[in-house]
Amino acid sequence: MSSSFEKHQKRRLISSYFSVVLSIALVLFLLGLLGMLVLNAKKVSDHFKEQVVVTIYLKDSAKEVETKQLEKSLAMADYVKSTEYVSKEQAAEFMKAENGEDFMDFVGYNPLQNSIDVHLKADFVTSEHLEKISEEALSKNFVDEVTYDNDLVNLMNDNVKKISFWVLVISGIFTLIAVLLINSSIRLAVYSKRFTIKTMQMVGATKQFIRRPFVWKSVRLGMIGAVLALVGMAIVLYYLNKTFTDLQLLSNPVLVSLLFLLIFVLGIVITWISTHFATQRFLNLKTDELYY
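The structure is reproduced here in structure tokens:
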């Protein structure tokens with residue numbers, strides 16, 4: 001009879017530990033994903049900003065030397081990421097491939113212009129910088145026109161600011177929720193041992209002596225949960241880095257390592273603090289209050 005009861009209690013204990021570890025792992029995993037989003041938010045926004053193209057159209061009278069000098073000066077500018085010279089013949093081929101028909105069959109000649117496509121560095125993709133770059137290019141007498149999507153740039157910058165703000169707000173809220181969920185799981189696990197805590201206290205054990213094994217047990221569970229969360233994060237990060245190679249999510253291994261270390265430490269700290277206060281609560285209760 002007693003053996004059956006002990007097995008039942010052991011199964012309940014294992015089930016309780018499993019639920020605590022699973023709760024910690026899931027919460028830390030989601031918190032880690034949010035951390036990766038925060039770390040890479042600027043990188044993602046920079047990637048999209050750098051897709052904006054400033055096209056400098058050249059006059060037909062532009063000499064090759066002038067074009068080469070302009071292209072070289074742009075490539076050396078600290079605000080330019082890359083440049084590409086597009087001849088009128090190449091532009092015609094692009095249009096033919098895009099539309100599926102050769103427009104020159106109808107027009108009879110190639111009305112397009114030679115141009116230079118300029119991709120700027122993300123920090124310089126603003127209306128002010130684009131206007132300044134446009135004026136500088138137009139000051140050349142062989143430049144006919146400079147075009148870029150100013151509305152798209154303004155919309156993109158506004159959205160980046162809004163998204164950055166809400167990501168920070170959500171990060172704070174989610175961190176609070178993570179702490180509360182882990183704390184709740186730990187308190188339930190300690191609650192099942194409340195009579196053991198009170199019995200030890202009644203035979204003269206000090207609060208620190210009673211609290212210590214509960215804290216260490218929870219810390220070990222927190223470490224296991226954190227390791228599971230880190231394994232999940234590593235798999236997701238590896239997959240995203242393989243899928244979206246342009247974002248280079250692993251280009252800064254130091255930041256990634258610090259994030260993983262932070263998640264591991266959070267698993268330990270949160271479980272330690274939660275267990276400390278949970279056991280303290282039951283230590284301060286009177287024996288009659290344990291039944292409520």
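For the sequence shown, the UniProt record's numbering gives the first residue as 1, with consecutive numbering after it. Note that CB positions come from ideal geometry on N, CA and C, so glycine has one too.
Contact between histidine 276 and valine 215 holds: CB atoms are separated by about 6 Å, below the 8 Å threshold.
Burial state of phenylalanine 244 is exposed, judged by a 10 Å Cβ sphere holding fewer than 16 other Cβ atoms. By the criterion of a C-beta distance shorter than 7 Å, valine 190 is surrounded in its chain by Phe214, Thr275, Ala278, Thr279 and Phe282, once the five residues flanking it on both sides are discounted.
Pairing isoleucine 24 with isoleucine 270 gives a Cβ-Cβ distance under 9 Å.
Boundaries of the beta strand (DSSP E) around serine 115: 115-120. For histidine 119 and lysine 161, the gap between their C-alpha atoms comes out near 21 Å.
If you ignore the 5 residues before and after threonine 126, its C-beta comes within less than 6 Å of no other C-beta in its own chain. By the neighbour-count criterion, in which a residue is buried when 16 or more other Cβ atoms sit within 10 angstroms of its Cβ, methionine 233 is buried.
Taking the CA atoms as reference points, asparagine 40 sits about 18 Å from phenylalanine 174. Distance between alanine 229 and phenylalanine 209, taken at the CA atoms: about 31 Å.
One thing to note: leucine 70 has its Cβ no nearer than 9 Å to the Cβ of methionine 95.
For the pair valine 53 and tyrosine 148, the Cα-to-Cα distance works out to about 6 Å. A straight-line Cα-Cα distance of about 11 Å links leucine 240 and methionine 36.
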